[in-house]
Amino acid sequence: MGIVSWIVLGAIVGFAVNWLVSGRFPGGIPGTVVAGAAGAFIGGAAFSLVADRAVSSLDALSLLIAFAGAALLLTAVRKAGYAAPRPH
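Residue numbers (numbering that gives the first Met the number 0): 0 to 87.
Next comes the structure, spelled out in structure tokens:
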């Protein structure tokens, strides 16, 4: 996937994780996009290690893997005390 695909995937996943998982990524919209892209990278790297193939397209599987990676990243950020609380 190209850089634009990673940014688009990061934005989609970052906003979905902020909406569904408690806590928010720090840094507003840019932080959400960067954290979503980082989560997508983490999820894709972990998937490549477990399954014998890489994530190479923007499809439902890559969105699911990226979501899992971003949710894991948000959980780690929240546990470290850097995630903003979710407004009620």
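Glycine included, every Cβ here is placed at the ideal spot set by N, Cα and C. What you are looking at is a predicted structure, and each value in this text was computed from that prediction instead of being measured.
Separation of residue j from residue i, as counted between CA atoms
i      : j     : result
GLY42  : ILE64 : 5 angstroms
VAL76  : VAL3  : 25 angstroms
LEU8   : TRP18 : 15 angstroms
ALA118 : GLY13 : Residue numbering for the chain in the displayed model covers 0 to 87; residue 118 lies beyond these limits and cannot be assessed.
GLY26  : ASP58 : 27 angstroms
GLY30  : ALA44 : 21 angstroms
Residue i versus the options, residue with shortest Cα-Cα distance
i     : options                       : result
LEU72 : VAL7, ARG23, LEU8 and ILE11   : ARG23
ALA37 : TRP5, GLY80 and THR74         : TRP5
VAL32 : ALA69, THR74, LEU48 and ALA45 : ALA69
LYS78 : ASP51, VAL20 and SER61        : VAL20
Which residues DSSP lists as bridging residue i, in chain order
i     : result
ARG77 : None; ARG77 has no bridge partner.
Integer Cβ distance of residue i from residue j, believed to fall under 8 angstroms
i     : j     : result
LEU62 : ILE11 : 7 angstroms
PHE46 : ALA15 : Contact doesn't hold; Cβ gap of about 18 angstroms is too wide.
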